[in-house]
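Single-structure report; data block below.
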Amino acid sequence: MSLTQHTNPFTSTINPQGSHRIAVDEPLPSLSLRQLCQLPHAAVQPQQRLAVMRAARATLADPAVVVSATDADKLAALAHYLCDWPLLQTMQQRGLWLPTPPEQVRPAIQFGQFTQALCMLEQPPATGAAAQWLQPMRQALQQLLHQQPYPVEALLQGPVSLTPLQFHHVADFIWQYADPNIGRLCNLPVFPSAEHWMTWLYLCQQEPARHLFAVMHADYGFIGSVSLQVFDGIGFFYYWLGADFQGQGFGPAAVDLLMQLGRQHLGMDCCYAKVFNYNLVSNKAISKLGFQRLALRALPPADTEVFYYLGAAQSRATHHRNLSLLLQQMNSGIDLAELPPL
20 MSLTQHTNPF TSTINPQGSH RIAVDEPLPS LSLRQLCQLP HAAVQPQQRL AVMRAARATL
80 ADPAVVVSAT DADKLAALAH YLCDWPLLQT MQQRGLWLPT PPEQVRPAIQ FGQFTQALCM
140 LEQPPATGAA AQWLQPMRQA LQQLLHQQPY PVEALLQGPV SLTPLQFHHV ADFIWQYADP
200 NIGRLCNLPV FPSAEHWMTW LYLCQQEPAR HLFAVMHADY GFIGSVSLQV FDGIGFFYYW
260 LGADFQGQGF GPAAVDLLMQ LGRQHLGMDC CYAKVFNYNL VSNKAISKLG FQRLALRALP
320 PADTEVFYYL GAAQSRATHH RNLSLLLQQM NSGIDLAELP PL
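Using the working numbering, the first residue of the sequence shown is number 20, and each one after it goes up by one.
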C-alpha cells in the first residue's frame, strides 16, 4: 500500500503552468486574510508561491487578525495546495486546523518524520472508518522505515533535512521544478504530468546504488533534491534547489548531510560530481563545498561537462581510471578523453 494514496488528494489539481495567470513580472501585493481566503488556487504561479506563503504567515502572526473557523478551513486548503506543510503544522498547534487522523500525519510524513508520524497514528487508537485508513498508512510507514539502509534520524539534523524522495512528494516537486533552468542545467527530464514523474522516480528506485532525497526546510517545506550513487566506495552526487531558495546556504547544508550519510552509512570513501561549464553558479557553489576541479575532459557530445572530486589526494591517472569506471557503472553514456602522454 503506497502512502501516495493517502497523502496526495491535491496532486491532480495542481497546475503551476495553468491558464489562470498573474503577471509574474509584477510583484504580488501584500495579501490580507480575506484576500488569501478568496485567492483562486490556480492563480498562484510558482514564482509567487513563496510570497503567498509569507503573506499567510504574516496574517497568522498579526494579533489584530481574528481567524474564524471558515477562514481557517480556507487557509488550510490553500496551504495544502501550496504544499506548505510548516503552515499547516503551525495552524494545528494553534488549534486553527482540526484535521482528520490521516490528514494530521501528512506534514510529518512529507518531512520524513516517520517515527513521529507512527506515534501520531497510534494515539488514540482509531476505530471505524478512520481505522481503515490508518492501518494501511501505518503499514506503509513501517515498510518504508524497514527498507532504508540507514537510520532516518541521521537525515533530520537542523533546519535543513533530507528524506527519501517518495511518490507522495510529487506535488512538492512540481512546484520547485517549474523553473525550466533546473532540468536544463541538471540534465534531468521534462515531466509532462505527475504520472511521468512517478514513472521516473520508480525507475530511479530500481537502481540499488542510487539514493534520492527531498531537501526539506523547517520553515518552507520541500526546497529541492539531492542524489547520491555509491559504487565500491566511490560516490557521485548532484543537487538542485528551487529558485526561491538558492544562494542562502541551504544547498551546502543539504550536501553536508548527504556526504555525512554516504561516509557513515553507505561505505563512501570519496565522491565525484559533474557540472556543465556554462553553469557558472553551480561551478562556484561546488568549489565552495570543498570539491576540487579535475583536469579531465569528456568526449563529445559531453565535452561541456566539468568534473569535480572530494576525498583523499589521488594521481590524475587514478582519477581517470576511477571516474571512467564510475561513469560506466552509472550508465551515463559519457566517455573520458585519453590522458596525454607524460
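Beta carbons: idealized from backbone N, C-alpha and C, even for Gly.
A quick note: this is a predicted structure, and the numbers were derived from the prediction, not measured.
I'd like the ranges of any beta strand (DSSP E) spanning at least 3 consecutive residues and lying wholly in the stretch 224–307.
Restricting attention to beta strand (DSSP E) runs no shorter than 3 residues, the stretch 224–307 encloses them at 229–236, 240–250, 253–260, 289–295, ordered along the chain.
Please classify Q158 as buried or exposed, where buried requires at least 16 other C-beta atoms within 10 Å of its C-beta.
Exposed: under 16 other Cβ atoms inside 10 Å.
Closer than 7 Å by C-beta to H339: which residues in its own chain qualify, once you throw out the five before and the five after it? Chain order, please.
These residues qualify, in order along the chain: L315, L355, L358.
Return the chain-ordered list of same chain residues with a C-beta closer than 8 Å to the C-beta of F269, the five sequence neighbours on each side being excluded.
Non-local beta-carbon contacts of F269 in its own chain, meaning distances under 8 Å to residues more than five positions away in sequence, involve V179, V234, H236, I242, G243, L260 in chain order.
If we count Cβ pairs, one from each stretch, closer than 8 Å, do we get three or more for the stretch 129–140 versus the stretch 165–177?
Because the criterion of three Cβ pairs below 8 Å is met, the stretch 129–140 and the stretch 165–177 touch.
When the Cα atoms are used, what is the spatial distance from I305 to L329?
The alpha-carbon atoms of I305 and L329 are separated by roughly 10 Å.
According to DSSP, residues forming a beta bridge with S180:
Beta-bridge pairing links S180 to M235.
Using a Cβ-Cβ cutoff of less than 6 Å, which residues in the same chain neighbour L318 once the five nearest sequence positions on both sides are dropped?
Apart from the 5 residues on each side of it in sequence, L318 sits with its Cβ closer than 6 Å to the Cβ of D354, A356 in its chain, given in chain order.
Is T218 buried or exposed, if buried means 16 or more other CB atoms sit within 10 Å of its CB?
Flag for T218 reads exposed.
Rounded to whole angstroms, what's the CA-CA distance from A292 to R312? Just pull it up for me.
Rounded to the nearest angstrom, the gap between the Cα atoms of A292 and R312 is 9 Å.
Can you check DSSP and say which residues form a bridge with V325?
DSSP lists V294 as the bridge partner or partners of V325.
If you draw a straight line from the C-alpha of M278 to the C-alpha of P208, how long is it?
Distance from the CA of M278 to the CA of P208, rounded to the nearest whole angstrom, comes to 25 Å.
Please state whether DSSP places A332 in a helix, a strand or coil.
Note: A332 maps to coil in three-state DSSP.
Looking only at C-alpha atoms, which of M72, L220, L280 sits nearest to G252?
When each option's Cα is compared against that of G252, the closest is L280.
What's the C-alpha gap between T337 and V294?
Linking T337 to V294 through their CA atoms gives a straight-line distance of about 20 Å.
Please classify G254 as buried or exposed, where buried requires at least 16 other C-beta atoms within 10 Å of its C-beta.
It counts as buried.
Where S21 falls: helix, strand or coil (DSSP)
Since pLDDT at S21 reaches only 46, below the 50 mark, its modelled position is unreliable, and the value read off the structure follows with that caveat. Coil at S21, not helix or strand.
Spatial neighbours of L106 within its chain, please: CB distance less than 7 Å, with the 5 preceding and 5 following residues excluded, ordered by chain position.
Around L106: M72, A75, R76, A98.
Below 7 Å between beta carbons: does that hold for Y327 and F310?
Yes, they are a contact pair.
Is the separation between the beta-carbon of H165 and that of Y100 shorter than 7 Å?
Not in contact: H165 and Y100 (Cβ atoms no closer than 7 Å).
Residue-chain proximity (V84, chain B), Cβ-Cβ < 7 Å
Although the question refers to chain B, the structure presented lacks it and comprises just one protein chain.
Give the range of the alpha helix (DSSP H) segment to which W104 is assigned.
Start and end: 104–112.
On the DSSP bridge list, what partners appear for A317?
According to DSSP, A317 bridges with L355.
Bridge-paired residues (DSSP) for R312
Under the DSSP definition of a beta bridge, R312 partners with Y327.
Measuring CB to CB, does Y169 end up less than 7 Å from H284?
Contact: yes.
What residue range does the alpha helix (DSSP H) around L117 cover?
In the DSSP assignment, L117 falls outside any alpha helix (DSSP H) and carries neither an H nor an E.
Would you kindly report the start and end of the unbroken alpha helix (DSSP H) that includes L19?
In the structure as shown, the chain begins at 20 and stops at 361. Residue 19 is therefore absent and cannot be evaluated.
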